[in-house]
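Q: Starting off with a structure, shown below.
Residue numbers (our numbering): 225 to 368.
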């Protein structure tokens, strides 16, 4: 399971070290792609289809939302292999999409790693903390 929040520095050549606990869990064959809310996602290559299926709730039908999600994620995906020091290079268009600057975060989010621009994530956390009780309420209603 991928857990934790890890600050990191993105070099001017878009190279960044993936935190060791996350890198170990992801393995050697990693895919990086656009993700929702203007962040990036890192997943083990072997887990990409399962993640997309979970996101789209695919039930054997290729509906417009499923196709849109596939286009959004797969068309932006790149395979990346960490170097001997555990660093990867994030492609330029993904850096621009997520608005990444020097200070970023890697977030372990269960079955995936999200990559966020520090300022954007810091603001999002404030909203999450405020709205957490509402999230719990909404989720508990769905279980009934």
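Glycine is no exception: its CB is placed at the ideal position from the N, C-alpha and C atoms.
Tell me the DSSP bridge mates of residue 178?
A: With the chain represented from 225 up to 368, any question about residue 178 goes unanswered, as that position is not in the structure.
Q: To which residues does DSSP link residue 340 through a beta bridge?
A: In DSSP, residue 340 forms a bridge with 329.
Q: Going by the beta-carbon positions, is the gap between residue 226 and residue 333 smaller than 8 Å?
A: Yes.
Q: Please classify residue 347: does DSSP put it in a helix, a strand, or coil?
A: Note: residue 347 maps to helix in three-state DSSP.
Q: Answer yes if the stretch 310–324 comes into contact with the stretch 233–242, meaning at least three C-beta pairs across the two stretches below 8 Å, and no otherwise.
A: Result yes; three or more Cβ-Cβ pairs closer than 8 Å.
Q: Taking just the CA atoms, how far does residue 295 sit from residue 289?
A: Approximately 10 Å between the Cα atoms of the pair.
Q: State the DSSP-derived secondary structure class of residue 249, mapped to helix, strand or coil.
A: In the structure shown, residue 249 sits in a helix (DSSP, three-state: H, G or I).
Q: Using the C-alpha atoms, what's the distance from residue 247 back to residue 304?
A: Taking the straight line joining both Cα atoms gives about 12 Å.
Q: Going along the chain, which residues of its own chain have a beta-carbon closer than 7 Å to the beta-carbon of residue 229, five neighbours each way excluded?
A: Closer than 7 Å at Cβ, skipping near neighbours: 329 and 331.
Q: Hey, quick one: how far does the beta strand (DSSP E) through residue 256 stretch, first residue to last?
A: 254–258 is the extent of the beta strand (DSSP E) around residue 256.
Q: Using DSSP with H/G/I as helix, E/B as strand and the rest coil, what is residue 281?
A: Correct three-state label for residue 281: coil.
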